[in-house]
Amino acid sequence: MKSLKFFGLGSVMALLLLSGCKPKGTETAVTGDAAERVYVAPGKYDEFYNFVSGGFNGQVNVYGLPSGRLLKVLPVFSVNPENGYGYSEETKPMLQTSHGFIPWDDQHHLSLSQTNGEVDGRWLFANANNTPRVARLDLKTFKTVEILEIPNSAGNHSSPFLTENTEYVVAGTRFAVPMDDENGDVPIESFKSNFKGVLSFIGIDKQSGDMDLSFQIEAPGINFDLSHAGKKKSGDWFFFSCYNSEKANTLLEVNASQNDKDFIMAVNWKKAAELVKAGKGRKVVTEYAHNKFDESTHTATSTMKKEVIVLSVEDMKDAMFMIPCPKSPHGCDIDPTGEYIVGSGKLAALIPVFSFDKMIKAIADKNFAGEFDGVKVIKYEAALHGEVQKPGLGPLHTEFDGKGNAYTSMFVSSEVVKWNIKDLKVLDRQPTFYSVGHLMIPGGDSAKPFGKYLVAYNKITKDRYLPTGPELAQSAQLYDISGDKMKLLLDYPTFGEPHYAQALPAEMLKDQVKFFRIEDNKHPYATKGEAESKVVREGNKVHVYMTSIRSHFAPDNIEGIRVGDEVLFHVTNLEQDWDIPHGFAIKGAENAELLIMPGETCTLKWIPKKPGMYPMYCTDFCSALHQEMQGYVRVSPAGSNTPLIY
Ligand code: K7E
Ligand code: RUQ
Ligand code: CUA
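Shown next as C-alpha cells:
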C-alpha cells in the first residue's frame, strides 16, 4: 500500500494507536440528489472554472465545476504536440532555462491573482518544481505569457503563492542548496554550513503583470515546503512551513523527523522590500532565464539574467522569525481574516493553529525560546491560538469557506475534516477514496471564499474506476459544503497528477476571453492576405509566407526546396471566427505540428533530410472540405537547381 510506504509502517501504526481512528471501509455514501446537483445539461455552462495543476505532466488543466468535465489542457512547462507549444519557433523560447531547453517539469501549485485579498480574474501563476520556474498565464487568452527561472533554488515547491494585491509572487526552495549554482561543487557533508534555504520575491507589475525577480532572502538551510501570504492585518507577512530542522541531508525518517517540532517561518516582506530599497543586501552573480510571450507579435523571447540581490539572515533580523510547529509541517494556510495560521504536521496527531496577534505580541515582548541559525524562535505557546485535537491522521492542507470553518485533508486516514476555526472543534468528517493530497474550495485561500463546493484531489485511485492497466488516473471528488455536513457528489478522473488547484465563478472570466484580430497581428512574418503569400529563399533559408483559410493553404504546392535547407513555414490563419483553428503538418518533420488560432501566425521549422515528395495538410477538421486542405512540397538533392515554383 502506497500510503504506508510514504511514512514508514512504524509511524503509521504509532499514529493509528495515538488517535484511535477506525480504518474506513470503501462504501460510498452518495446523497439521493447528487446526480442532479452535478448535471450540467447539454449546451449549459458550468458554474466555476477550476484550474488544476498537472503535477508530473507539467501542464495546467481546466475543469468545469460542478460537472467535473475537462475543458482544456493549457501547456505551461511541458511541450504539447497537440498545438505545437514548445515545437513552434514562436514558443520554443518559453522553455529555455540556464540549463538549456527543458521540455518537461513537475507542476504543483497555482495561484489566481488577487486585489485586496480577493480573486480578480486577471492572471494565473503556476510553479515548476524540478527546474525552478514560475509561469504567468493570461486569463483573457488562457496562454502562458511569461516564465521566470528561479536561481539559487531547487525543488521550487513553496510557490507561487502571492501577496494580497499581487505585489509579489513568492518562491521558497524545497532543497537547501549552496548559494549560486557555480559554488555547488562542495562535499555533501558540508550541508550544515554550505546549504541555504532561499526565498525569492518576484515583483509583479500592476498593469502588465510582468514578473521581475526583485530580491531573495538567504534563510537557514532547511526545507521550505509550502507558504501563504497573510491577509488584511497580517498582509505584510508571509508564512512558510519548514521541515527537516535537523538539516539532515538524507531524509531517512530517523534523521529528518527526530525533532519534535519543525517550524513555521514568518517573514515581513514589506520590511524586506524596504531594506532592499535602502540598499541592503548583496549582489549574487548567477544565471536565470526570463521568457516572455508577446501577445501582439505572438512570439516569445528568452533573456538570460545575470545577478540577483540577496538579503542575509542578519539583514532580516527584525523581520524574520520562526514558530515551532509539530512534526514535519506541510500545508501552511491563513484563514480569510488573516488572524489564524494553520500548520499541518504530517506526522502530528493534532493541527496547531497560531494567532497573528499573539505572534506580534510575542515579538514585541521578546518572548523567544532561542535562535535557530540566527533566526529568533518565538515560544510555541506564546504564538499558539490552540490545537485541533484528534482531527485524523496525516493532516496536509487546509482551505476555508468564509463562514468560520476550515477543511483539512488527511492523507493517512483518507478523509476531509471540517472544523471550526474559533473553538477548534471538529464538526464533520467525510471519507475520500483514497489518500487525499490537496483540497480546494473556490477562492478558499483568499480573503473572500466563494464556498459552495470542495474538491478533494486524491493520490490513489485503486478500485474507483475500470482498470486501465496498473496505472490509473488520479481521482478527484466533489463535495457539496453548503450545509452543516459535507456531501459527496461526484468522482472523476483527472489528468496528470493534481496537487493544488484554484477556482473562480465562470461569470468572472467567460466574457473576457478573446481571440486575436488579424489587424492586431504584429508578427514579423505575418501574411495578411492570400495575395501576399510567397516563398523567399535567402541562401539555405527558405521563408514560406503561407495563409490558411477554409479550405486551402496558399501556396499549397512548392518546388525547389533542397535537402539541408532550413524551411520556415510561417502560417497565418486568416479566419476571424471563434473556434476556427487550422493545423499544419508535413511528412517527416521533426517539430510536431502547428495549430494556428484565428488571426495568429505560427512558424514550423523543417530541415528535409532526403529528396522526395512531401505531403502537407491541415490537422484540425475545419470544414466539409477539410480533407481537401492539403498540398505538396518537392524536395530535390542538395546542390540541385530545381527552380523555386509556388
Ligand atoms: Cu501537498 Cu506538492 Cu502541495 Cu501535492 S504538495 S499533495
Ligand atoms: S504557436 S501556442 Cu502555435 Cu504560434 Cu501559438
Ligand atoms: Cu483547416 Cu482543416
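Last residue of the sequence shown: 833 in the working numbering, with the numbers rising by one and none dropped. For every residue, glycine included, the Cβ atom is placed at its ideal position computed from N, Cα and C.
The distance from the Cβ of Y232 to that of A693 is about 6 Å, consistent with a contact at the 8 Å cut-off. Taking every protein chain shown into account, the CB of N744 has fewer than 16 other CB atoms within 10 angstroms, so this residue is exposed. Annotation: F598 to E351 spans about 29 Å, alpha carbon to alpha carbon.
Between the ligand CUA and the CB of H769, the shortest heavy atom gap is smaller than 6 Å. Between L282 and G271, the CB-CB gap reaches or exceeds 7 Å. A distance criterion of 6 Å places the beta-carbon of H485 beyond contact range of the ligand CUA, judged by its closest non-hydrogen atom.
Closest in alpha carbon position to E354, among P578, N343, K383, G417, is G417. Between the beta-carbon of F541 and that of L583 there is about 17 Å, and that puts the pair past the 8 Å contact cut. For the set N343, G342, N314, D412, the Cα lying nearest the Cα of T331 is the one of N314. Boundaries of the beta strand (DSSP E) harbouring D325: 320–325, taken from the DSSP string. Under the three-state reduction of DSSP, Y640 is assigned to strand. A distance of 7 Å or more separates the beta carbons of K709 and T360.
The beta carbon of D764 sits closer than 6 Å to no other beta carbon from its chain once the five residues preceding and following it are set aside.
In this structure, the C-beta of C809 approaches the ligand CUA to less than 6 Å from one of its heavy atoms. Within a 10 Å sphere around the beta-carbon of F808 sit fewer than 16 other beta-carbons, which makes this residue exposed. At the C-beta level, I628 and E586 come within 7 Å of one another. Scanning its chain for C-beta atoms nearer than 8 Å, with the 5 sequence neighbours on each side dropped, one finds around T318 the residues T284, H286, I289, D292, E336, in chain order.
Between the alpha carbons of V385 and V357 lies a distance of about 11 Å. Looking from the CA of H813, the closest CA among F756, S275, G770 belongs to G770. Distances from the CA of N267 to each of L258, D522, K279 were compared; the closest alpha carbon is that of K279. DSSP, read as helix, strand or coil, puts D707 in helix.
Look at H813: its beta carbon is less than 6 Å from one of the heavy atoms in the ligand CUA.
Taken atom to atom, the span from the alpha-carbon of G557 to that of L258 is near 52 Å.
The nearest non-hydrogen atom of the ligand K7E is 6 Å or more from the C-beta of H730. Counting only residues of its own chain and dropping the five nearest sequence neighbours on each side, G630 has a CB closer than 7 Å to the CB of V306, P636, F637, L691. DSSP lists no beta-bridge partner residue for S254. Burial state of Y652 is exposed, judged by a 10 Å Cβ sphere holding fewer than 16 other Cβ atoms. For I451, the three-state secondary structure derived from DSSP is strand. In this model, D632 and Y250 are separated by some 19 Å (Cα to Cα).
The beta carbon of M509 lies closer than 8 Å to those of C429, F450, I451, M452, A453, F559, V562, K563, V564, I565 in the same chain, with the five residues before and after it left out. Counting every other CB atom within 10 Å of its CB across the protein chains shown gives P802 a total below 16, marking it as exposed.
Approximately 19 Å separates the beta-carbon atoms of V321 and P685; this is outside 8 Å, ruling out the contact. DSSP places H485 outside both helix and strand once states are collapsed to three, so it counts as coil.
Checking the 6 Å criterion, the Cβ of Y430 is out of range of every heavy atom belonging to the ligand K7E.
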